[in-house]
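Contents: one structure, followed by commentary.
Residue numbers (UniProt numbering): 1 to 550.
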């Protein structure tokens, strides 16, 4: 390496102080690459995340904030509180708004917002949970930063360990060291975890390759990974050196009900907060609707008498405490339909829910009404389910997804099918579709489409999604070699195709629908040799014979 002072002579340096700047030597840089940055409350990925409307959910936020600040009045008071409620009751909005409030108050320690629909795999699985919390702890206080840095340096393989070991080494041991210091800081604050019920199981064994199913243990379930996180948090909260309050928000699924049951774990947890039963959501939903209708009146120059008070009352009753219902109604009215807003609102008010015994019957009716506005509702539902497919959700931009799924690459099928569904899914504008993925406003839409009792003819089975993806893949291969088509795939699409799984257990019917011609195979082999070299031929040979043995 050339010196900065090469060939220099006859000079003098006073007050010499040499600083060796080597960022890679900082152990915290190793931590940085292990985190799920999108799971942090103020991440770029969460720029459109819901927040509580001003003057709504005030009581529950006050209760939680007071618990965070004053929980230490009683030394033995439990350090974990469970915030729960059915889908659409505003848990994520409350946790997001509370995170901002804690940040302003200087008591936000760390956050992690799980999201099963996220394109970021780090937000869907447990892998980066402890490391992401640790990363924020290191930024919360310089003493923690120092001790965490030492822990990483002394345990170079810590990122390959299980959650219990990571919690012990990266969080509890540093806290223990700080607590032993005579002049150590008095730490306090909140660790906020939202959507833990959306954490998907991480698999450690290959179940796709031939013969692996008979050798491997059964796949892990989502409940197992969710329970593992809960157990790690409970153990941490039992340590005297652990000074933080932990808020866990989730739906009331069985694993959470049993874990937080006082009979199973007496005196381990603070009293749970049920957003559906413990607080008057109707008043907050009324405030939200009144404010949003006022905005719509200004935007579309509508009279102050619209909508009549009776309409808001009906919408509040239909919501049944579910903020997602009210938010979806407003988005539907505000997405630029050609029909007048008055007509759209009247259609919503006249909807009849089919199954009053279903707690989501009004939300289901609203989802069905919006989906039926598509020219081809079943195919639109199939596209939406494909956006959430685990094998491609985190790989495909909206542009590449459209190119794969459209029967004609130069058609505008995506806009045709999805143009009226902007209130249900996040559709990137054309200018950003090459780099942005499709997204969802709320997981309850996917719950609706995967339950045949709720969505009826719009139900899409997982096997149907697999066949749909495979058919699209083969169609793309067939189309690629047709020299009569004045069309060529962009590089990003070819790279995306190369990532699609080949070992998926597709229905036999898929192979009979669209079969690649010899010319197709010749074209793709030629392309592979150019792109990857001769080694790609051996990889293809192995893939073909693996599939033949299925």
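All residues carry an ideal CB built from backbone N, CA and C; glycine is no exception. If you're wondering where the values come from, they're calculated on a predicted model, not measured in any experiment.
Residue range 129-140 is occupied by the alpha helix (DSSP H) that includes residue 139. About 6 angstroms separates the beta carbons of residue 51 and residue 93, which is inside the 8 angstroms limit, making them a contact pair.
Apart from sequence neighbours up to five positions away, the residues of its chain that approach residue 221 with a beta-carbon distance below 8 angstroms are 201, ordered along the chain.
In this chain, residue 397 is not harboured by any alpha helix (DSSP H), its DSSP state being neither H nor E. Ranked by Cα distance from residue 277, the options 119, 428, 86 and 469 are led by 86. Assignment of residue 82 by DSSP, reduced to helix, strand and coil, places it in the strand class. Fully contained in the segment 273-323 are the following alpha helix (DSSP H) runs of length 4 or more, in chain order: 281-300 and 309-319. With a beta-carbon spacing of about 5 angstroms, residue 438 and residue 398 fall inside the 8 angstroms limit used to define contacts. Boundaries of the alpha helix (DSSP H) harbouring residue 234: 222-237, taken from the DSSP string.
Taking residue 333 as reference, the option from 359, 370, 350 and 304 with the minimal CA-CA separation is 370.
Of all C-beta pairs linking the segment 375-389 to the segment 416-428, three or more are shorter than 8 angstroms, placing the two stretches in contact. For residue 457, no beta strand (DSSP E) encloses it, and the DSSP letter there is neither H nor E. For residue 345, the enclosing alpha helix (DSSP H) starts and ends at 341-349.
Per DSSP, the continuous alpha helix (DSSP H) segment holding residue 58 begins and ends at 58-70. Cβ contact annotation for residue 373 (same chain, cutoff 6 angstroms, sequence separation greater than five): 420, in chain order. In the structure shown, the three-state DSSP call for residue 38 is helix. Comparing C-alpha distances from residue 40 to each of 230, 118 and 179 shows the shortest one belongs to 118.
The C-beta separation of residue 110 from residue 123 comes to about 15 angstroms, leaving the pair out of contact by the 8 angstroms criterion. Inter-residue distance for residue 166 and residue 172 is about 9 angstroms (C-alpha atoms, whole angstroms). Contact annotation: residue 449 and residue 459 have beta-carbon atoms nearer than 8 angstroms. With contact defined as three or more Cβ pairs closer than 8 angstroms, the segment 184-194 and the segment 239-252 are in contact. Looking at 153, 138 and 226, the one whose alpha-carbon comes closest to that of residue 163 is 226. About 7 angstroms separates the Cβ atoms of residue 251 and residue 84, confirming a contact at the 8 angstroms cut-off.
The C-beta separation of residue 82 from residue 272 comes to about 4 angstroms, placing the pair in contact by the 8 angstroms criterion. Of the other Cβ atoms in all chains shown, 16 or more fall within 10 Å of the Cβ of residue 79; this residue is therefore buried.
In the pairwise beta carbon analysis, the segment 461-476 is classified as not touching the segment 136-156: fewer than three pairs are separated by under 8 angstroms. Residue environment analysis places residue 431 among the exposed positions, since fewer than 16 neighbouring C-beta atoms fall within 10 angstroms of its C-beta. Taken through DSSP and simplified to helix, strand or coil, residue 444 comes out as helix.
Listed in chain order, the non-local C-beta contacts of residue 196 below 8 angstroms within the same chain comprise 114, 226, 229, 230, 248, 249, 250 and 256, local neighbours out to five positions each way being set aside. It is roughly 35 angstroms from the alpha-carbon of residue 324 to the alpha-carbon of residue 138. Ranked by how close their Cα comes to the Cα of residue 157, the residues 34, 100 and 496 have 34 in first place.
Between residue 407 and residue 434, the alpha-carbon positions lie close to 19 angstroms from each other. Here residue 392 carries a coil assignment [DSSP, helix/strand/coil].
The Cβ atoms of residue 57 and residue 105 do not sit closer than 8 angstroms to each other. Where residue 246 is concerned, the enclosing beta strand (DSSP E) starts and stops at 245-250. Collapsing the DSSP output to three states places residue 49 in coil.
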